[in-house]
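Quick notes on the structure that follows.
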Amino acid sequence: MRGTLVTCDAAMKELILHIDGKRAGAERFVLMELDDEALLVKEKVGDEDIVEMLQSRMKEYQDDIAYKKPEVE
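No gaps in the numbering here: position 63 of the sequence shown is 59 in this note's numbering, and each next residue is one more.
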């Protein structure tokens, strides 16, 4: 089985592990935790590209927590 190295800060790693943990057995994608800031993940699960999915989910997460300046009328 082929894998992809994902490096990130510890907080993002925990979010990735949380996303992986919510999936059913065959749908899980984390192959191995390498250290505090690195994971080895499957390249694909079925037809889903895992790296693309993670990039999309991380962008959504960052957009959700980013400060949005209120519009002034």
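Built from N, CA and C at the ideal position, the CB exists for glycine as well.
Check                                                                                          : Outcome
Inter-residue CB distance, threonine 0 and valine 47 (contact presumed, cutoff 8 Å)            : 6 Å
Contact check, methionine 8 vs methionine 49, beta carbons under 8 Å                           : no
Same chain, Cβ closer than 7 Å to aspartate 5, five either side skipped, listed in chain order : Glu33
Three-state secondary structure (DSSP) of valine 68                                            : coil
Cβ distance (whole Å) where leucine 13 is taken to contact leucine 27 below 8 Å                : The pair is not a contact, with the Cβ atoms about 12 Å apart (cut-off 8 Å).
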